[in-house]
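What the sequence shown shows, in our numbering, is residues 2 to 175, in sequence order.
Just so you know, even glycine gets a beta-carbon here, dropped at the ideal spot from N, CA and C.
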Amino acid sequence: MAAKPVKLIAIYPGSFDPITNGHLDLIERGSRLVDKLVIAVLRNERKQPLFTVAERAEMLSEVVKDFANVEVDHFDGLLVDYAAQKGASLIFRGIRAISDYEHELQMALMNRRLRPEIETVFLMASEAHSFISSHLVKQVIGLGGNISGLVPPLVEERLRNRLLGEQKSNASHS
Ligand code: PNS
């Protein structure tokens, strides 16, 4: 059995398009459990993101700037290879509802098969955040709904500029 690493490092990977208060809740919880938490934004996504990796990383960095042991990075390729390269022994993933579990279990088992020494740990956000997703937040604000309290204020402003600003400029061009 491998010895417990002296410095416990965890990776919290995701798309973060954009960061929500649900992610932030997890970052707070996760950062208390380890010496260092690396938030890793996936670079090559099949999904068409609203924000570039640089924009997402910049928002994340701003939002987590008061956490001394949290850093923001991005990665390509296999998550477990990136984790090994960072010296991480843990991967944190958030579970909101049972519907998340099946896909998360599949990923965790695949990652374990690829690198058994890296453990996936599932964390649960508080009930107040358990329904929040980046996808729904974008949909709601795009349709004129109120998302205050669901994302950090800086992210709300960026979303408003990106989605409602674009709508305004499309209207003026049509
Ligand atoms: O926020 P998301 O979109 O649910 O995050 C998904 C993520 C980044 C964790 C997942 O897509 C991922 O790990 N991608 C890297 C590719 C990889 O390692 N695949 C094999 C193991 S499932």
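* To do: Below 8 Å on the Cβ atoms is my guess for residue 43 versus residue 15; work out the distance and round it to an integer in Å.
  => Here residue 43 refers to the residue found at position 42 when the sequence shown is read from its first residue. Here residue 15 refers to the residue found at position 14 when the sequence shown is read from its first residue. At roughly 7 Å, the Cβ-Cβ gap stays under 8 Å, so residue 43 and residue 15 are in contact.
* **Beta-carbon proximity check, residue 61 vs residue 40, cutoff 8 Å** => One-based indexing of the sequence shown puts residue 61 at position 60. One-based indexing of the sequence shown puts residue 40 at position 39. Going by C-beta atoms, residue 61 is nearer than 8 Å to residue 40.
* If you follow the beta strand (DSSP E) that residue 73 is part of, which residue opens it and which one closes it? -> Your numbering for residue 73 matches position 72 in the sequence shown. Its beta strand (DSSP E) spans residues 71 to 76.
* Beta-carbon contacts of residue 153 that lie in its chain and below 6 Å, excluding the five residues immediately before and after -> Within the sequence shown, residue 153 is the residue found at index 152, counting from 1. So the qualifying residues of the chain are 64.
* Straight-line CA distance for residue 90 to residue 6? -> Residue mapping note: residue 90 aligns to position 89 of the sequence shown, counting from 1. Residue mapping note: residue 6 aligns to position 5 of the sequence shown, counting from 1. Approximately 8 Å between the Cα atoms of the pair.
* Asked: With contact counted as at least three CB pairs below 8 Å, one residue from each stretch, are the region 110 to 129 and the region 77 to 88 in contact?
  -> yes
* To do: Quick one: measure Cβ to Cβ for residue 131 and residue 98, integer angstroms, because I've assumed they're closer than 8 Å.
  => As a position in the sequence shown, residue 131 is number 130, starting the count at 1. As a position in the sequence shown, residue 98 is number 97, starting the count at 1. Indeed, because the Cβ distance is near 7 Å, the residues count as touching under 8 Å.
* **Whole-number beta carbon distance between residue 38 and residue 13, since they are thought to touch under 8 Å** => Working through the sequence shown from its first residue, we reach residue 13 at position 12. Working through the sequence shown from its first residue, we reach residue 38 at position 37. At roughly 6 Å, the Cβ-Cβ gap stays under 8 Å, so residue 13 and residue 38 are in contact.
* Cα separation between residue 29 and residue 166? -> As a position in the sequence shown, residue 29 is number 28, starting the count at 1. As a position in the sequence shown, residue 166 is number 165, starting the count at 1. Near 31 Å, if we compare the C-alpha coordinates of residue 166 and residue 29.
* Determine which residues share a DSSP beta bridge with residue 121 and list them. => In the sequence shown, counting from the first residue as 1, residue 121 sits at position 120. In DSSP, residue 121 forms a bridge with 92.
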